[in-house]
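Each position in the sequence shown, counted from 1, maps to that position plus 37 in our numbering.
The beta carbon of each residue, even a glycine, is placed where N, CA and C say it ideally should be.
On a predicted model such as this, the values are computed, not experimentally measured, just so you know.
A short write-up of the structure that comes next.
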Amino acid sequence: MTTSESPPITFAETRGAVKGYDKRAVDAFLVRAREAFETGAEPITAAEVRQAAFPLVRRGYVIAAVDAALGRIEDAFAAREREEAVSSEGAHAWVGQTRETAQVVLDRLSRPKGRRFTRVGPLRYGYRIDEVDLVADKLAKYLETGDSVTVEQVRAVAFRMQRGGYREVQVDAVLDAVIEVMLAVA
Numbered sequence: 038m039t040t041s042e043s044p045p046i047t048f049a050e051t052r053g054a055v056k057g058y059d060k061r062a063v064d065a066f067l068v069r070a071r072e073a074f075e076t077g078a079e080p081i082t083a084a085e086v087r088q089a090a091f092p093l094v095r096r097g098y099v100i101a102a103v104d105a106a107l108g109r110i111e112d113a114f115a116a117r118e119r120e121e122a123v124s125s126e127g128a129h130a131w132v133g134q135t136r137e138t139a140q141v142v143l144d145r146l147s148r149p150k151g152r153r154f155t156r157v158g159p160l161r162y163g164y165r166i167d168e169v170d171l172v173a174d175k176l177a178k179y180l181e182t183g184d185s186v187t188v189e190q191v192r193a194v195a196f197r198m199q200r201g202g203y204r205e206v207q208v209d210a211v212l213d214a215v216i217e218v219m220l221a222v223a
């Protein structure tokens, strides 16, 4: 049985008015990811798996189940990327690159509270500053001392919105960088 003939992975469906991920979009992405992983046909990176987004529809796949599967897929791609980088660049270079990324992230997270990220205008909505700063403190402590934080905890972070809050795209980029560092040293 070839990759394209493999039975599709199915997830539980949402019921009633609850929305879930569009089944066709999820299935298409999973087929593409499987082919990329098994044959290297069209390369996909761990970051692309992390950033995958799907339309929300009624009677879609349960979001939590798909997100958990995507987390495992991202871990597999990250492990492969780490192995390839170590074999081509050497372990010393890989560690140095990861350390540099971690330092850049730590520098951002160590800024004063309320000024860690650019804020949106006073009439626009961004991430709640107090919630982001709380998470930033925990992640900074993780990067400085190795305090216990898991990749799943970082993936599950969600913030409420507030007017004049932090710019979402910047906060999300830093969270992605933290995940990359965590997967690099896993």
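query                                                                                                   : result
Ala-130 burial status per 10 Å Cβ neighbour count (16 or more: buried)                                  : exposed
Supposed contact pair Arg-152 and Gly-201 - C-beta distance, whole angstroms, cut 8 Å                   : Contact doesn't hold; Cβ gap of about 13 Å is too wide.
Gly-57 in three-state terms, based on DSSP                                                              : strand
The alpha helix (DSSP H) enclosing Leu-176, as first and last residue numbers                           : 166-182
Spatially closest choice to Pro-159 from Tyr-203, Ile-110, Thr-51 and Val-188, by CA coordinates        : Tyr-203
Boundaries of the alpha helix (DSSP H) in which Leu-14 is found, first to last residue                  : Residue 14 falls outside the range modelled here, since the chain spans only 38 to 223, and no answer is possible.
Complete runs of the alpha helix (DSSP H) confined to the segment 88-115 [at least 4 residues]          : none
Span of the alpha helix (DSSP H), counted from its first residue to its last, around Arg-145            : 128-146
Same chain only: Cβ atoms within 6 Å of Lys-150, ignoring 5 sequence neighbours per side                : Asp-170
N- and C-terminal bounds of the alpha helix (DSSP H) containing Arg-192                                 : 188-192
Backbone CA spacing between Thr-138 and Thr-182 [nearest angstrom]                                      : 16 Å
Inter-residue Cα distance where the pair is Arg-52 and Ala-122                                          : 44 Å
Cβ neighbours of Glu-118 in the same chain (closer than 8 Å, five flanking residues each side left out) : Thr-82 and Ala-83
Inter-residue spacing [alpha-carbon to alpha-carbon] between Gln-134 and Ala-89                         : 25 Å
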